[in-house]
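Chemist:
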Ligand code: PRX
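Numbering (UniProt numbering), first residue to last: 1 to 569.
1) Using a Cβ-Cβ cut-off of 8 angstroms (strictly less than) and excluding sequence neighbours within five positions of residue 438, which residues of its own chain qualify?
2) Evaluate the contact criterion for the segment 308-325 versus the segment 263-271: three or more CB pairs, one atom per stretch, below 8 angstroms.
3) Taking all protein chains shown into account, decide if residue 12 is buried (16 or more other Cβ within 10 angstroms of its Cβ) or exposed.
4) From which residue to which residue does the alpha helix (DSSP H) around residue 294 run?
5) Where does residue 431 sit, in a helix, a strand or coil, going by DSSP?
6) Please list the terminal residues of the continuous beta strand (DSSP E) segment that includes residue 492.
7) Within 10 Å of its beta-carbon, does residue 549 have 16 or more other beta-carbons around it, so buried, or fewer, so exposed?
8) By how many angstroms is the C-alpha of residue 567 removed from the C-alpha of residue 464?
9) By DSSP, does residue 499 sit in helix, in strand, or in coil?
10) Just to confirm the assignment: which complete alpha helix (DSSP H) runs, minimum length 4, are found wholly within the segment 113-191?
11) Along the chain, where does the alpha helix (DSSP H) that runs through residue 576 open and close?
12) Determine which residues share a DSSP beta bridge with residue 392 and list them.
13) Using the C-alpha atoms, what's the distance from residue 215 back to residue 240?
14) If we require 3 or more residues per run, which beta strand (DSSP E) segments fall completely within the segment 185-266?
15) Give the range of the beta strand (DSSP E) segment to which residue 359 is assigned.
16) To the nearest angstrom, how far is it from the Cα of residue 108 to the Cα of residue 316?
17) Which residues does DSSP pair with residue 400 in a beta bridge?
18) In angstroms, rounded to a whole number, what distance separates the CA positions of residue 177 and residue 449?
19) State yes or no: is the C-beta of residue 37 within less than 8 angstroms of the C-beta of residue 50?
20) Return yes when the C-beta of residue 605 is under 7 angstroms from any heavy atom of the ligand PRX, and no when it is not.
21) Out of 29, 370, 418, state which residue places its alpha-carbon closest to the alpha-carbon of residue 243.
22) For residue 357, verify whether its CB is less than 7 angstroms away from any heavy atom of the ligand PRX.
23) In whole angstroms, give me the CA-to-CA distance for residue 64 and residue 543.
24) What ranges does the alpha helix (DSSP H) occupy inside the segment 72-119, keeping only unbroken runs of at least 4 residues that lie completely in it?
25) Looking only at its own chain, which residues have a Cβ that is under 8 angstroms from the Cβ of residue 558, when we skip the five neighbours before and after it?
26) Can you name, in chain order, every residue of its own chain whose Cβ lies under 6 angstroms from the Cβ of residue 143, other than the five neighbours on each side?
27) Who are the Cβ neighbours of residue 45 in its own chain at under 7 angstroms, not counting the five residues just before and after it?
28) In whole angstroms, give me the CA-to-CA distance for residue 150 and residue 123.
29) Hey, out of 111, 121, 161, whose CA is closest to residue 135's CA?
30) For the alpha helix (DSSP H) containing residue 423, name the first residue and the last one.
31) Go ahead and pull the three-state DSSP assignment for residue 16.
32) Can you say whether residue 509 is buried or exposed, counting buried as having 16 or more other CB atoms within 10 angstroms of its CB?
33) Near residue 180, what residues of its chain come up, given a Cβ to Cβ distance below 7 angstroms and the 5 sequence neighbours on each side ignored?
34) I'd like to confirm something about residue 362: is its beta-carbon nearer than 7 angstroms to some heavy atom of the ligand PRX, or not?
35) Examine the ligand PRX and report whether any of its heavy atoms sits within less than 7 angstroms of the Cβ of residue 92.
36) Tell me the DSSP secondary structure of residue 504 in three-state form.
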């Protein structure tokens with residue numbers, strides 16, 4: 001039996017795309033990475049071309065691009081098939097008026113159509129806005145309304161959650177499956193694809209700064225903000241796919257996130273396809289058996305998931321895992337929330353692999369702090385800065401702090417993945433750059449003498465539950481829409497499985513009694529109107545809430561401090 005060094009996990013000897021971190025870090029330039037792309041010579045830029053068409057032109061048309069599994073259903077598509085499908089879909093969308101710079105929202109489950117819609121929209125130079133399939137009406141409405149979106153691609157089920165009447169900007173709704181006659185403004189893509197033949201040359205060239213995708217993300221104030229990325233992000237995404245995901249020609253790669261979350265788009269579509277990998281798309285929600293079955297049947301070799309999912313698998317126990325052959329897995333990665341050392345040890349003890357933590361944010365466009373397969377891992381650390389990325393731990397005045405000191409995790413600007421803008425919110429965009437030349441993440445961290453970075457929490461009230469970013473303001477606003485709720489304060493409460501859970505403190509209106517039924521109803525109110533992950537798992541009735549003296553803002557920090565104290569008792 002191998003004895004695991006619990007302090008530092010050395011890499012397994014092997015051939016990796018990046019074998020020497022230090023050397024690469026010292027000599028790296030982003031310009032050298034741009035050489036990989038034909039636009040260096042031609043000036044013709046489009047992410048969709050680099051993900052799909054290019055590989056067909058290079059002679060890899062028959063290689064499997066997408067392997068879809070959902071229960072017993074299984075379908076594979078080659079790069080050529082994806083090219084044909086997305087050209088055809090783009091032809092239809094163009095016929096319906098979609099053009100460069102338009103927002104196209106994509107509200108679909110984890111299904112090949114979702115991936116095809118993303119690529120087709122990008123082929124037209126549109127800005128793809130994937131929406132998480134569990135979003136309820138108001139989450140969908142807020143996002144489309146913010147961009148005055150004219151187009152959405154969805155299916156007949158999710159259509160029920162698109163509040164058309166409240167979205168005057170929405171001109172056309174496309175349904176991916178089914179030919180039944182829909183109401184006015186709702187178009188069956190199946191019908192249209194039969195009527196309108198595909199055009200071979202449909203792809204629109206753009207420039208590197210052109211809008212690529214929009215992801216709405218929460219902070220501690222206000223509604224979610226639309227973060228827009230540019231096509232230039234491909235430079236960063238390609239290279240992290242190569243070195244961090246370590247994708248090689250024969251790899252089968254599975255990122256478990258839905259494209260509605262930035263990981264599901266950047267590392268579920270762009271980075272692996274830029275590296276010509278076969279991607280696995282698993283249709284269902286989390287289910288330990290299904291996940292193990294997927295790993296076994298599709299022979300996943302590179303697997304990118306999140307700590308909560310790993311903890312859920314860990315909780316299922318080894319007996320279940322032993323029923324499956326996971327020997328194809330050679331590289332495991334994690335993102336989105338702190339990866340506890342216990343989970344890394346579980347990975348080593350049961351699957352025999354290290355789990356490589358990575359850190360980044362929606363706004364950063366790609367991974368910035370990483371663990372590489374060729375480098376030692378310090379359990380509890382998110383890793384070291386990716387080559388080309390300079391980080392610092394800053395104090396409140398923007399001065400650099402020495403190793404071993406907690407402070408604001410900041411990144412020197414610019415880098416290719418960095419967001420292009422926050423939609424219609426220059427002030428918010430500027431707020432990320434309070435000190436000249438630095439992007440300040442909102443995370444608190446410590447960097448040690450060897451350059452390894454250790455996450456210490458957030459400097460604001462943002463909640464991270466199962467890796468999903470939840471803004472307390474959004475939940476509080478929804479809670480007080482309920483007739484029984486007078487005031488609400490929402491925090492993240494530490495949770496062994498989910499990292500944090502949403503906990504709400506509420507003051508009831510006069511005449512309402514704190515019964516279990518009422519609390520249940522309030523919880524469902526948030527769940528069905530906003531999103532399941534945002535609904536408070538715990539609600540505590542209080543008679544008053546701590547507030548700032550001058551502006552009367554709820555002091556969430558104090559609520560959190562009280563909660564932490566209770567947990568320690
Ligand atoms: O607090 C950090 C946490 O997730 C935030 C970013 O969330 P989001 O924009 O939804 O992007 C998630 C996936 C890219 C960060 O500010 N976070 C992300 N990765 C880690 C993490 N916290 C601890 N460890 C990580 N590896």
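Idealized CB from N, CA, C, for every residue including glycine.
Modeler: Looking at the atomic coordinates:
1) These residues qualify, in order along the chain: 392, 394, 398, 410, 411, 412, 413.
2) Contact fails: fewer than three Cβ-Cβ distances are below 8 angstroms.
3) Per the 10 Å Cβ criterion, exposed.
4) Unbroken alpha helix (DSSP H) run through residue 294: 288-298.
5) DSSP places residue 431 in helix when its eight states are reduced to three.
6) 485-495 is the extent of the beta strand (DSSP E) around residue 492.
7) So residue 549 counts as exposed.
8) Approximately 18 angstroms, taken between the alpha carbons.
9) In the structure shown, residue 499 falls within a strand segment according to DSSP collapsed to helix, strand and coil.
10) Counting whole runs of 4 or more residues, the segment 113-191 contains the alpha helix (DSSP H) stretches 137-147.
11) Since the first residue of the chain shown is 1 and the last is 569, residue 576 is not available in this structure.
12) Answer is 410.
13) Near 20 angstroms, if we compare the C-alpha coordinates of residue 215 and residue 240.
14) Unbroken beta strand (DSSP E) runs of no fewer than 3 residues, entirely contained in the segment 185-266, are found at 186-188, 211-217, 225-230, 252-255, following chain order.
15) Taken as a continuous stretch (DSSP letters only), the beta strand (DSSP E) holding residue 359 covers 355-359.
16) CA-CA distance, residue 108 to residue 316, rounds to 29 angstroms.
17) Residue 400 has 394 as its beta-bridge partners, per DSSP.
18) As the crow flies, the alpha-carbon of residue 177 is around 56 angstroms from that of residue 449.
19) Yes, they are a contact pair.
20) The first residue shown for the chain is 1 and the last is 569, placing residue 605 beyond what the model contains.
21) For the residues 29, 370, 418, the minimum Cα distance to residue 243 belongs to 370.
22) Using a cutoff of 7 angstroms, the CB of residue 357 counts as near the ligand PRX, since one of the ligand's heavy atoms is closer than that.
23) Rounded to the nearest angstrom, the gap between the Cα atoms of residue 64 and residue 543 is 60 angstroms.
24) Entirely contained in the segment 72-119, the alpha helix (DSSP H) runs reaching 4 residues are, in chain order, 79-95.
25) Leaving aside the five residues that flank residue 558 on each side, the residues in its chain whose CB is nearer than 8 angstroms to its CB run, in chain order, 546.
26) The residues are 216.
27) The residues are 39, 205, 206, 207, 208, 231.
28) Distance from the CA atom of residue 150 to the CA atom of residue 123, rounded to whole angstroms, is 18 angstroms.
29) Taking the Cα of residue 135 as reference, the smallest distance to any Cα among 111, 121, 161 is reached at 161.
30) Looking at the DSSP string, residue 423 is not in any alpha helix (DSSP H), and its letter there is neither H nor E.
31) Under the three-state reduction of DSSP output, residue 16 falls in the coil class, being neither helix nor strand.
32) Exposed, because fewer than 16 other Cβ atoms sit within 10 Å of the Cβ of residue 509.
33) If we look at residue 180 and ignore the five residues flanking it on each side, it has no Cβ neighbours.
34) In this structure, the ligand PRX has a non-hydrogen atom nearer than 7 angstroms to the beta-carbon of residue 362.
35) Every heavy atom of the ligand PRX is 7 angstroms or more from the Cβ of residue 92, so no.
36) DSSP, read as helix, strand or coil, puts residue 504 in strand.
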